[in-house]
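So the structure is just underneath, and the comments pick up after that.
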Ligand SMILES: Cc1ncc(COP(=O)(O)O)c(C=O)c1O
């Protein structure tokens, strides 16, 4: 027994003596190891870039799962970082989806810019947490400057405010949370922050188009309102919220005894990139006394473009808004922000913790960002957009937005003129919904056959990996989707992707 105990102690000592060098600090050996490690990691990424010329390998779930069965995390490690990076190639990098690839045109995940990647190196090493001034210092001012820059472009009043968040889902949650609590505070004699929800909360109703993002439903349930609180409103031929349908939906809910509290306009729907009529929605929100939130997670990038910014007209009239920099500002995940028209709305979530942001500190004017966030410890994501803007400038980013919108219009035209495709939308931003629908032996295919054909194409393309596209359902039928976020993707790339789609389509007919 004693021997075992001594042995353990010896092992402990060996582990202890070797592992201190891994702490990031100013000791010579640690500094050296830090630089070497970053260099090795960057090399692994560059080697990965050079190792494959497709967006995906088509690897199966089973093949990846099997590799993980051999990994035991409790084993004493004797691997160097370089050896671990070699292992990582097998486990992750070799089969990672390459969002930077010209033929990755599937989800709202953009190619990223190198100033932002350089920022990631600094963010993680310095490890600033953005909750309080005493942990962030200049970081707080960088974030505030970017928030104010975005607010200016949005056209919000001087009294507006905002905060970086983990993504559009969290930003939308904040929008609905403020809508709910502002409504309660104004209409009931209770303070929702202290006393929770009134009995009538189960009757609260929030209106959004029936093609808006699912996070609204999820957030309504998280907020104790239930998913039934979300009332889907019909869209017009361009997948934009139909204003008469909105008015009708509000009236119907009122007649049922329910209580309309908010309307959400989407500036860039996930599947179609449709932009709701924001100015008209704002007017209706005012008429019915509703909070107006704009989900511009996708469309927020249009603010960068002198040519397309006008499409967001009406955003400036909203009470709150969501913008994802990790969608159309070419930033790595996560980079998103929530904006509110008036600073006073922060009171709904503000909390003073004596150890972090005491009331006394606030009275002294110390800018503790934690009061505006639903997170406490929070990454310094703002630095990525900061370095990007300082190195590249807003106009260059705006030109990228112009380029992807142009590419989407050219691609929609390509699909339409090819004759074998149904194109569902004229791209408002850069998403195109379509399906392959050739005549077979002179006959049109049934809805069921078309769904099977298009589902087959998407799966076959994913399994092959030469180009990655997405799919979704419209009225129960499967459609294919291009989300174009890469300004370096050319019309020729899109022609090649369309060729691949047709190739797999023909294969479907041969196999079925
Ligand atoms: C319109 C819209 N809103 C919100 C979200 C959610 O954003 P996130 O994935 O950053 O949480 C998305 C995601 O695609 C979206 O398309």
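Residue numbers (our numbering): 131 to 642.
No residue lacks a Cβ here, since even glycine has one placed at the ideal position from N, Cα and C.
- A distance criterion of 8 Å places the beta-carbon of residue 458 beyond contact range of ligand 1, judged by its closest non-hydrogen atom.
- For residue 223, the CB contacts under 6 Å within the same chain, skipping 5 residues up- and downstream, are 178 in chain order.
- Straight across, the Cα-Cα distance linking residue 516 with residue 351 is about 35 Å.
- Apart from the 5 residues on each side of it in sequence, residue 512 sits with its Cβ closer than 6 Å to the Cβ of 272, 273, 276, 294 in its chain, given in chain order.
- Three or more beta-carbon pairs drawn from the segment 394-409 and the segment 366-375 are found closer than 8 Å, and the two stretches are therefore classed as touching.
- Residues of the same chain with a CB within less than 7 Å of the CB of residue 564, apart from the 5 flanking positions on each side, are 545, 551, 552, 553, 554, 609, 610 in chain order.
- In this structure, residue 322 lies away from residue 340, with their beta-carbon atoms at least 9 Å apart.
- Not one heavy atom of ligand 1 sits closer than 8 Å to the Cβ of residue 567.
- In this structure, residue 466 has its CB closer than 8 Å to one or more heavy atoms of ligand 1.
- Taking 8 Å as the cut-off, the C-beta of residue 238 counts as close to a heavy atom of ligand 1.
- The criterion of a C-beta distance shorter than 9 Å is satisfied by residue 429 and residue 458.
- Residue 423: member of the beta strand (DSSP E) spanning 421-426, first to last residue.
- In the DSSP assignment, residue 610 falls within the beta strand (DSSP E) that extends over 607-613.
- Contact between residue 642 and residue 188 fails: their C-beta atoms lie close to 21 Å from each other, not under 8 Å.
- Per DSSP, the unbroken alpha helix (DSSP H) holding residue 546 starts and ends at 524-548.
- One thing to note: residue 393 has its Cβ within 9 Å of the Cβ of residue 337.
- Nearest to residue 400 by alpha-carbon distance, out of 239, 291, 166, is 239.
- For residue 621, the enclosing alpha helix (DSSP H) covers residues 621-641.
- Judged by their CB atoms, residue 522 and residue 245 are nearer to each other than the 9 Å cut-off.
- When rounded, the separation of the alpha-carbon atoms in residue 445 and residue 283 is 10 Å.
- Counting the other CB atoms within 10 Å of its CB gives residue 391 a total of 16 or more, which places it among the buried residues.
- Only residues of its own chain outside the window of five on either side were considered, and among them 422, 444, 447 have a CB closer than 6 Å to the CB of residue 412, listed in chain order.
- Residue pairing by DSSP puts residue 552 in a beta bridge opposite 565.
- If you look at residue 161, you'll find it in the alpha helix (DSSP H) that goes 158-181.
- Non-local C-beta neighbours of residue 518 in its own chain, meaning closer than 6 Å and more than five positions away in sequence, comprise 243, 245, 246, ordered along the chain.
- Distances from the CB of residue 423 to the heavy atoms of ligand 1 are all 8 Å or more.
- DSSP, reduced to helix, strand and coil, places residue 468 within a strand of the structure shown.
- In the structure shown, residue 316 adopts helical secondary structure according to DSSP, grouped into three states.
- In this structure, residue 614 sits near residue 534, with a CB-CB distance shorter than 9 Å.
- Ligand 1 has a heavy atom closer than 8 Å to the beta-carbon of residue 302.
- Excluding its 5 nearest sequence neighbours in each direction, residue 366 has C-beta neighbours in its own chain below 8 Å: 372, listed in chain order.
- Residue 454 has its Cβ nearer than 8 Å to a heavy atom of ligand 1.
- Judged by DSSP in its simplified three-state form, residue 198 adopts helix.
- One alpha carbon belongs to residue 472, the other to residue 420, and they sit about 15 Å apart.
- The continuous alpha helix (DSSP H) containing residue 592 extends over residues 577-594.
- According to DSSP, residue pairing for residue 395 in a beta bridge involves 424.
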